[in-house]
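Worksheet: one structure, shown below.
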Amino acid sequence: MRSKAEGDRPAETTITGRSTLHDGFESVEQFRIRHTDPDGSQSDEETRELLMAGHVVGVIAHDPSADKIVLIRQYRLAAHLQTGKGDLVELVAGGVENGETPEEAARRELKEEAGLDAKSLKPLFQVMSSPGITDEMAHFFHAEVDASALSDRAGAEEENEATFPFALPTDEAIALAESGECQNAFLVLAMARFRREASD
């Protein structure tokens, strides 16, 4: 039995087959694999389907002068189907486009979804959002902004995207994320991290 805390480790993996099941806004690919388990044993051939989402960003947009956090509201079909509440409170977030760095994507998404420019941008952490079903890697940033320049409505028109930005006092934004009333994982995770860093 292992007693030492260890992080993620490489796992010997052989991909024996790969095919595209769907190629739309995101692609879904099917893999046939064999891999070595932690005890050293070799798995049988397994079939796995993955949503290939790549790299995305989440931005905690904070106005230090007003001590406010900028959030957005955006319609999400998955939330409507799962909880009946499709009008989600979220962080500014989105995908990293080809040729972009995560930092560049964070600045672009902040402008697109909230109408704001980042005065400064600090990397916070990165996580895989749900590695059982997707390869998505999320990069989180802390952006310093001027919340008084907030747009009433924003979003990338070419993507048929509509976002509705708003600003809350920081303590209210943290309380909202911790209340159980918001189901967006990026929001809950990032605000918990922000609260911890603010208290250090």
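The letter at position 129 of the sequence shown is residue 143 when you use this note's numbering, and the numbering goes up by one with no holes. Cβ atoms here follow ideal geometry from the backbone N, Cα and C, with glycine treated the same way.
Comparing C-alpha distances from Ser79 to each of Gly72, Arg210, Leu182 shows the shortest one belongs to Leu182.
Close CB contacts of Ser165 within its chain, under the 7 Å cut and outside five residues either way in sequence, are with Ala128, Gly129, Pro179 (chain order). In the structure shown, Thr115 falls within a coil segment according to DSSP collapsed to helix, strand and coil.
DSSP places Arg62 in the uninterrupted beta strand (DSSP E) bounded by 60–66. Counting C-beta pairs with one atom in each stretch, the segment 97–108 and the segment 52–63 have fewer than three that are closer than 8 Å, which means they do not touch. If you compare the alpha carbons of Arg209, Lys136, Glu117 with that of Glu186, the shortest gap goes to Arg209. Residue state for Asp77 is assigned as strand, using DSSP reduced to three classes. For a cut-off of 8 Å, the C-beta gap from Glu111 to Ala132 is around 17 Å, too long to register as a contact. Comparing alpha-carbon positions, the option among Ser143, Ser144, Ala206, Val42 lying closest to His156 turns out to be Ala206.
Annotated three-state conformation of Leu135 is strand, per DSSP.
Between Arg46 and Gly68, the gap from beta carbon to beta carbon reaches 8 Å or more. Secondary structure note for Thr97: it is in no beta strand (DSSP E), and the uninterrupted alpha helix (DSSP H) holding it is 91–97. The criterion of a C-beta distance shorter than 8 Å is not satisfied by Ala204 and Ser143.
The C-beta separation of Thr177 from Ile86 comes to about 4 Å, placing the pair in contact by the 8 Å criterion. For Gly72 and Ser41, the gap between their C-alpha atoms comes out near 21 Å. Residue environment: Glu173 is assigned as exposed (fewer than 16 neighbouring CB atoms within 10 Å of its CB, all protein chains considered).
In the DSSP secondary-structure assignment, Asp37 is bridged to Ser41.
Going by DSSP, Glu158 is part of the beta strand (DSSP E) stretching over 151–158. Between the alpha carbons of Gly54 and Glu123 lies a gap of roughly 43 Å.
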